[in-house]
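So the structure is just underneath, and the comments pick up after that.
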Amino acid sequence: MLTHIGPSISHTTIEIEEGTHPILSGSPILSEFISNNKIVFHSHGHTHSGVGSQYYKGNRIINPGPLLYGNYAIVIIEK
Numbered sequence: 004m005l006t007h008i009g010p011s012i013s014h015t016t017i018e019i020e021e022g023t024h025p026i027l028s029g030s031p032i033l034s035e036f037i038s039n040n041k042i043v044f045h046s047h048g049h050t051h052s053g054v055g056s057q058y059y060k061g062n063r064i065i066n067p068g069p070l071l072y073g074n075y076a077i078v079i080i081e082k
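Quick note on numbering: the sequence shown equals residues 4 to 82 in the working numbering.
Okay, here's the thing in structure tokens:
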């Protein structure tokens, strides 16, 4: 699954800028969908400083970050 915004349940949707409070930029509705369904992986953007990945209820959530800063992700799906 590929979306612009990420799920609110993931640390990959926390925007952290120096001198400010963290901004929670994820979607609660997307979190609910991921919580109730099995997906191979979910990749999203939107949150520039939320680079990374994590598992939530067996679902992999990936935010590769902005290509402008040299970030990207390579996903290999094998049976």
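Ideal Cβ positions, reconstructed from N, Cα and C, are used throughout, including at glycine.
- With 16 or more other Cβ atoms inside 10 Å of its own Cβ, residue 62 counts as buried.
- In this structure, residue 10 sits near residue 34, with a CB-CB distance shorter than 8 Å.
- Assignment of beta strand (DSSP E) within the region 35-76, counting only whole runs of 3 or more residues, yields 44-47, 55-59, 62-66 in chain order.
- Taking C-beta atoms as the reference points, residue 65 and residue 44 count as a pair closer than 8 Å.
- Per DSSP, reduced to three states, the secondary structure at residue 32 is helical.
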